[in-house]
Amino acid sequence: MNLLIKNGRVIDPSQNIDDTLDVLVENGLVKKIGAGLTAPAGTETIDATGTYVVPGLIDMHVHLRDPGLEYKEDIVSGTKAAVAGGFTSICCMPNTKPVIDNKAIASYIINKAKAEGFCNVFPVGSITYGLSGDRMSEMGELKESGCVAVSDDGKPVHNSELMMRALQYAAGVGIMVISHAEELELVGEGVMNEGFVSTELGLKGIPRVAEDIATSRETLLAEYTGTSIHIAHVSTKGAVQIIREAKARGVKVTCETAPHYFSLTDNAVRGYNTNAKMNPPLRESGDIAAIKEGLRDGTIDAIATDHAPHHQDEKDVEFNVAMNGIIGLETSLPLSLSLVAEGVVTLNQLIEQMSLKPSSILNLNRGTLVIGSVADITLIDPKLEWVVQADKLASKSKNSPWLGKKMTGGAAATIVAGTVVYKR
Amino acid sequence: MAEFKHKHIIALRDLSKADIELLISTAESMREINSRDIKKVPTLRGKTIINLFYEASTRTRTSFEIAGKRLSADTVNIAPSNSSATKGETLADTALNLLAMKPDIIVMRHAVSGAHYFLANKVNCSIINAGDGAHEHPSQGLLDMLTMKDHFGRLDGLKVAIVGDITHSRVARSNIQGLTKLGSSVYLAGPPTMVPPGIEKTGNVTVCSTMNEALQDADVVMMLRIQQERQGKTLMPNAREYARYFGLNPNNVKLAKPNAMVMHPGPINRGVEMSSSVVDGDQSWILKQVENGVAVRMSMLYHVCGVDSVE
Numbered sequence: 375m376n377l378l379i380k381n382g383r384v385i386d387p388s389q390n391i392d393d394t395l396d397v398l399v400e401n402g403l404v405k406k407i408g409a410g411l412t413a414p415a416g417t418e419t420i421d422a423t424g425t426y427v428v429p430g431l432i433d434m435h436v437h438l439r440d441p442g443l444e445y446k447e448d449i450v451s452g453t454k455a456a457v458a459g460g461f462t463s464i465c466c467m468p469n470t471k472p473v474i475d476n477k478a479i480a481s482y483i484i485n486k487a488k489a490e491g492f493c494n495v496f497p498v499g500s501i502t503y504g505l506s507g508d509r510m511s512e513m514g515e516l517k518e519s520g521c522v523a524v525s526d527d528g529k530p531v532h533n534s535e536l537m538m539r540a541l542q543y544a545a546g547v548g549i550m551v552i553s554h555a556e557e558l559e560l561v562g563e564g565v566m567n568e569g570f571v572s573t574e575l576g577l578k579g580i581p582r583v584a585e586d587i588a589t590s591r592e593t594l595l596a597e598y599t600g601t602s603i604h605i606a607h608v609s610t611k612g613a614v615q616i617i618r619e620a621k622a623r624g625v626k627v628t629c630e631t632a633p634h635y636f637s638l639t640d641n642a643v644r645g646y647n648t649n650a651k652m653n654p655p656l657r658e659s660g661d662i663a664a665i666k667e668g669l670r671d672g673t674i675d676a677i678a679t680d681h682a683p684h685h686q687d688e689k690d691v692e693f694n695v696a697m698n699g700i701i702g703l704e705t706s707l708p709l710s711l712s713l714v715a716e717g718v719v720t721l722n723q724l725i726e727q728m729s730l731k732p733s734s735i736l737n738l739n740r741g742t743l744v745i746g747s748v749a750d751i752t753l754i755d756p757k758l759e760w761v762v763q764a765d766k767l768a769s770k771s772k773n774s775p776w777l778g779k780k781m782t783g784g785a786a787a788t789i790v791a792g793t794v795v796y797k798r
Numbered sequence: 034m035a036e037f038k039h040k041h042i043i044a045l046r047d048l049s050k051a052d053i054e055l056l057i058s059t060a061e062s063m064r065e066i067n068s069r070d071i072k073k074v075p076t077l078r079g080k081t082i083i084n085l086f087y088e089a090s091t092r093t094r095t096s097f098e099i100a101g102k103r104l105s106a107d108t109v110n111i112a113p114s115n116s117s118a119t120k121g122e123t124l125a126d127t128a129l130n131l132l133a134m135k136p137d138i139i140v141m142r143h144a145v146s147g148a149h150y151f152l153a154n155k156v157n158c159s160i161i162n163a164g165d166g167a168h169e170h171p172s173q174g175l176l177d178m179l180t181m182k183d184h185f186g187r188l189d190g191l192k193v194a195i196v197g198d199i200t201h202s203r204v205a206r207s208n209i210q211g212l213t214k215l216g217s218s219v220y221l222a223g224p225p226t227m228v229p230p231g232i233e234k235t236g237n238v239t240v241c242s243t244m245n246e247a248l249q250d251a252d253v254v255m256m257l258r259i260q261q262e263r264q265g266k267t268l269m270p271n272a273r274e275y276a277r278y279f280g281l282n283p284n285n286v287k288l289a290k291p292n293a294m295v296m297h298p299g300p301i302n303r304g305v306e307m308s309s310s311v312v313d314g315d316q317s318w319i320l321k322q323v324e325n326g327v328a329v330r331m332s333m334l335y336h337v338c339g340v341d342s343v344e
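The structure is reproduced here in structure tokens:
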């Protein structure tokens, strides 16, 4: 695929590029970056004036629900939502039915994504067989079949010995372990953050310390074994501090947060809004401040959505009964761009957090526009004004707390391996 | 007479001081009906009330049923634990099916906090909350305030001690909302495991470190039911130790004012949160609370129906 992207503001943190330039793509690879480039006659040209031209965005935490739960989302609708949100690569979590704990399921996902999907899909296998929490899955084979990490997301590995052995074993295999860090007894039957709002609403709370304890355990296990660990969806002030301190000690820990954890507090639950119910839960303003500081100072490496589609029948119910999670692929970019507008992070930092860092944490060999790399490119229109509308979302599910809300910024075009897969 | 503008009564938090005063004063006038030989007026004749109780209840359900009948409404009781809910029907579907039978009011008790707001968005009849999870129990709050008013003639300036498991108590939350709006001060005491964070910010509330501090010079002592099934294994050692530190007995009740009222929303665990001698003692208003419950619920049913006058 050949393509010439003209006059965009090219931002590539991997090469310290931030300038108005042209990008020439040939055969699906980045061929040239420079000013006033020309292409052979017949090459498709995109006028990128007014947009940011950045390495394709990567969402390292997505639930595609395929196989088994296709009524919520499937590989086609999920990747369509991804490219509409500017993502060229996504990593899908293993809590499908059946679980991604074997080669057959991993291959099914990879093959279906290649045949019918709109972007790259990198599966994440499970740490334990069937997410059972009692014995390791075949991580070697999972890696060979294309899984880029292992995680028991949604069902934290409770047994500390097993988690320690999993870290050691995964290090041997050369696959990253992603931890959903929550101490389950403290989560109990909680349905939202424990605090003033839960007290007023009479809903059972989940204390922050549930996440803090588990985050501590994971960093200590990684430190003790000398292995790497990635902490998913950090939501608390305490967890940010624990990770900051661990990094300062040299622990090989990385982490991500999700847009809702720096955009919404538990006040969003008022009115018993099930689209504000997720796990970990929305916290308080002090946590938001800490998450932002973590993004600013580099404690938090990446922004991922934890895109968690659920059918209306699973959300339009009493609060305690509603499923956890919200969709995020199509709102992540504008919400994250607001961090730049607020002066929390620079544009370069944000692109790093949404592309280069996820790639380097999971060895995806993407997140860069260096000559010869795969031409996964996102064109961002920072001034685009739009309203989140259920019927306009590509995702099958509409469980977003931002329905009806105005957004600023979005993907103008999404290019995967030199092919324009989305254009606004 | 002031006008009641709410279609539903889900939480005292949603009502103004004037609304609450109106509900209480109407309840006072309803009591006259309850003392007649023929305890029935035609006020809600032709109205259909469904009592939908997802949680077990004797007192509240019976009270709502009697209240409806005394106003000549047709009342139907449904306990979904022995009907559709066990067949997997959702709350919304159950409600829509009931709605197809054209009720005017659904009185519901449900284990999930906020379930009534969910229901109110689905149906076009009035919803009255007979208790939702740990959120609110407005009819209990109103009958408690009516009972206090009976004794003191006012609610303004009262010191009300509420003792027990505040975290899981919808009674405490409704009382905090109502009493704060009507000018009383609420003092809470309970094991720290049963006092939820930020409760002091929900109204005119002081959290006390001991039960004695709460009882000191109190006008009202309200004891909450300690529920073994709710408090589980982690909130307290056992009922014996609980009774030692948070039980009301003939000794510590003396810390309250001499004319203090002792109240309990029931059902009581005798010997746990209250000793029998206090339950049955001179200061106990517990049965009066139950009696007032009927009048308060008549008032609530009457006002959500928006009927013109009581006969």
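One line per chain: the protein sequences are E and L, in this order. Going left to right, the first sequence walks through residues 375 to 798 as our numbering numbers them. Going left to right, the second sequence walks through residues 34 to 344 as our numbering numbers them. In this text, a Cβ means the ideal position worked out from N, Cα and C, and glycines have one as well.
Between residue i and chain E, is any beta-carbon pair separated by less than 8 angstroms?
i: L:Phe86; result: no
i: L:Tyr278; result: no
i: L:Leu129; result: no
i: L:Ile232; result: yes
i: L:Leu132; result: no
i: L:Ser146; result: yes
i: L:Leu268; result: no
i: L:Tyr150; result: yes
i: L:Gly166; result: yes
So, helix, strand or coil for residue i, using DSSP?
i: E:Val719; result: coil
i: L:Pro225; result: helix
i: L:Arg330; result: helix
i: E:Pro497; result: strand
i: L:Ile82; result: strand
i: E:Ile603; result: strand
i: E:Ala749; result: coil
i: E:Tyr482; result: helix
i: L:Gly101; result: helix
i: E:Val608; result: coil
i: L:Asp70; result: coil
i: E:Asp640; result: helix
i: E:Gly660; result: helix
Does the beta carbon of residue i come closer than 8 angstroms to any beta carbon on chain L?
i: E:Thr788; result: no
i: E:Leu736; result: no
i: E:Tyr646; result: yes
i: E:Leu777; result: no
With a CB to CB cut of under 8 angstroms and the five nearest residues on each side skipped, what residues in its chain are close to residue i?
i: L:Ala163; result: Asn84, Phe86, Ser90, Thr93, Arg94, Phe97, Val140, Met141, Arg142, His170, Ser172
i: L:Lys102; result: Lys73, Thr108
i: L:Glu344; result: Legend: pLDDT at L:Glu344 = 45, less than 50; position of this residue unreliable, no value from coordinates given.
i: E:Pro441; result: Thr470, Lys471, Pro472, Ile479, Tyr482, Ile483
i: E:Ser388; result: Pro429, Leu730, Gly741, Thr742, Leu743, Val744
For residue i, is the classification buried or exposed, using 16 other Cβ atoms within 10 angstroms of its Cβ as the cut-off for buried?
i: E:Ile745; result: exposed
i: E:Tyr482; result: buried
i: L:Lys234; result: exposed
i: E:Lys380; result: buried
i: E:Thr502; result: buried
i: E:Gln763; result: exposed
i: L:Gly174; result: buried
i: E:Leu558; result: exposed
i: E:Lys797; result: exposed
i: E:Ala715; result: exposed
i: L:Ser309; result: exposed
i: L:Gln322; result: buried
Using a Cβ-Cβ cut-off of 6 angstroms (strictly less than) and excluding sequence neighbours within five positions of residue i, which residues of its own chain qualify?
i: E:Gly452; result: Leu438
i: E:Thr793; result: Met375
i: E:Ser572; result: Met566, Gly579
i: E:Met467; result: His437, Val498, Asp527
Within a Cβ cutoff of 7 angstroms, which residues of the same chain sit near residue i, ignoring the five residues on either side of it in sequence?
i: E:Thr599; result: Met538, Leu541, Gln542
Task: Contact list for the stretch 201-233 of chain L against chain E, Cβ threshold 8 angstroms - done: Arg203, Arg206, Pro229, Pro230, Gly231, Ile232
Open item on the list: Along the stretch 679-694 of chain E, where does the CB come closer than 9 angstroms to a CB of chain L? Name the residues.
Closed with: Asp687, Asp690, Val691, Glu692, Phe693, Asn694
- [ ] Note down, in chain order, all residues in the stretch 548-571 of chain E with a beta-carbon under 7 angstroms from any beta-carbon belonging to chain L.
- [x] Glu568, Gly569, Phe570
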